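Novice:
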Amino acid sequence: DVKVTQSSRYLVKRTGEKVFLECVQDMDHENMFWYRQDPGLGLRLIYFSYDVKMKEKGDIPEGYSVSREKKERFSLILESASTNQTSMYLCASSLASGTYNEQFFGPGTRLTVL
Amino acid sequence: AQTVTQSQPEMSVQEAETVTLSCTYDTSESDYYLFWYKQPPSRQMILVIRQEAYKQQNATENRFSVNFQKAAKSFSLKISDSQLGDAAMYFCAYRSAPSGATNKLIFGTGTLLAVQP
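In order, the protein sequences belong to chains A and B.
In the working numbering, each residue's number is its place in the first sequence (first place is 1) plus 27.
In the working numbering, each residue's number is its place in the second sequence (first place is 1) plus 16.
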């Protein structure tokens, strides 16, 4: 079974702190994604990566950056956390080729910025 | 740009009954995929069912089936014989077809389904 893990289920940070959210997948997937989930807004794509060291902005990249130094690991970085970044963050991964390229999701990290 | 709309923020169904969740989408593409994902409380999101736009036959997975109306751009999910374990947030999602596409999903806002015993 594909397994996508995220470093923390719950995280509390202070405004201005630098925050790292880590995601690891164990199925050698090329594509990895970071989403933000907010009530009434669904999931919105922040960044995605289609290969090591490759990344593309999603729909809401402002205030975030990412890093992918190894194929299995994709990090989301909040350079200076703000209260409006309080949210649930979901990581996902998928194969790059194939018919469906189903995305497999991690359990999520609920981040609170005080 | 493609959009996905779920007009029912919350739904409720009695155990063993049937419920239909609505989803509409907007696209100018002719080839794409549609998905329903389930997010149980405090658990990981999982794929429920998927549909290729070029297939006329509606997808079915056990108690889950879709009603795909391409011309109307509608993609509803029917859950038959509802069970307590079906209680979850359900997301409809769209993805452009492969051949160079980046495999990005576009999600609706979700429908929270409650199952009453």
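Positions of the beta carbon are idealized from the N, C-alpha and C atoms, including for glycine.
This one's a predicted model, so the numbers in the text were calculated from it and none came from an experiment.
With DSSP collapsed to three states, give me the class of B/Asp-102.
Specialist: Helix.
Novice: Would you say A/Ser-34 faces chain B, with C-beta separation under 8 Å as the test?
Specialist: No, no contact with chain B.
Novice: Does the beta-carbon of A/Glu-96 have 16 or more other beta-carbons within 10 angstroms, so that it is buried, or is it exposed?
Specialist: Counting Cβ neighbours within 10 Å, A/Glu-96 comes out exposed, since fewer than 16 surround it.
Novice: Hey, B/Phe-91 and B/Tyr-53 are a contact pair by Cβ (cut 8 Å); roughly how many whole angstroms apart?
Specialist: Contact flag wrong, Cβ pair sits at about 13 Å.
Novice: From the DSSP output, which residues share a beta bridge with B/Val-131?
Specialist: Bridge partners of B/Val-131: B/Val-29.
Novice: Is there a C-beta anywhere in chain B that falls below 8 Å from the one on A/Ala-108?
Specialist: Answer no: the Cβ-Cβ gap between A/Ala-108 and chain B never drops below 8 Å.
Novice: Examine the Cβ distances between the stretch 75-90 of chain A and the stretch 18-31 of chain B and report whether three or more of them are shorter than 8 Å.
Specialist: The answer is no - the stretch 18-31 of chain B does not touch the stretch 75-90 of chain A, with fewer than three Cβ pairs under 8 Å.
Novice: Helix, strand or coil for A/Asn-111 per DSSP?
Specialist: Residue state, collapsed to three classes: helix.
Novice: Pair every Cβ in the stretch 37-50 of chain A with every Cβ in the stretch 103-116 of chain A, then say whether three or more of these pairs are closer than 8 Å.
Specialist: Contact holds: three or more Cβ-Cβ distances are below 8 Å.
Novice: With a threshold of 16 other CB atoms inside 10 Å of the CB of A/Ala-123, please say whether the residue is buried or exposed.
Specialist: So A/Ala-123 counts as exposed.
Novice: Identify the contact partners of A/Ser-121 in chain B, using a Cβ-Cβ distance below 7 Å as the criterion.
Specialist: In chain order: Asn-119.
Novice: State the CB to CB distance for the pair A/Thr-136 and A/Leu-68, rounded to an integer number of angstroms; the pair is presumed to be in contact (CB under 8 Å).
Specialist: Not really, about 17 Å apart at Cβ, beyond 8 Å.
Novice: Taking the DSSP output, what are the residues bridged to A/Met-81?
Specialist: DSSP lists A/Asp-78 as partners of A/Met-81.
Novice: How about the stretch 39-49 of chain B and the stretch 69-85 of chain B: do they share at least three Cβ pairs that are nearer than 8 Å?
Specialist: Contact holds: three or more Cβ-Cβ distances are below 8 Å.
Novice: Between the Cα of B/Ala-113 and those of B/Ala-104, B/Val-35, B/Leu-50 and B/Ser-58, spot the shortest distance and give me the residue it belongs to.
Specialist: If we check each option's Cα against that of B/Ala-113, B/Leu-50 comes out closest.
Novice: Hey, out of B/Lys-71, B/Tyr-70 and B/Gln-55, whose CA is closest to B/Val-64's CA?
Specialist: For B/Val-64, the nearest C-alpha among the options comes from B/Gln-55.
Novice: Expressed to the nearest angstrom, what Euclidean distance is found between the alpha-carbon atoms of B/Ala-134 and A/Asp-78?
Specialist: Outside the shown range of chain B, which is 17 to 133, sits residue 134 of chain B, and nothing can be said about it.
Novice: Establish whether the CB of A/Leu-38 and some CB of chain B are separated by less than 8 Å.
Specialist: Taking Cβ atoms only, chain B never reaches closer than 8 Å to A/Leu-38, which makes this a no.
Novice: So, A/Asp-65 versus A/Ser-120, is the Cβ gap smaller than 8 Å?
Specialist: The answer is no: Cβ separation not under 8 Å.
Novice: Please check if any C-beta of chain A sits within less than 8 Å of the C-beta of B/Met-61.
Specialist: Taking Cβ atoms only, chain A reaches closer than 8 Å to B/Met-61, which makes this a yes.
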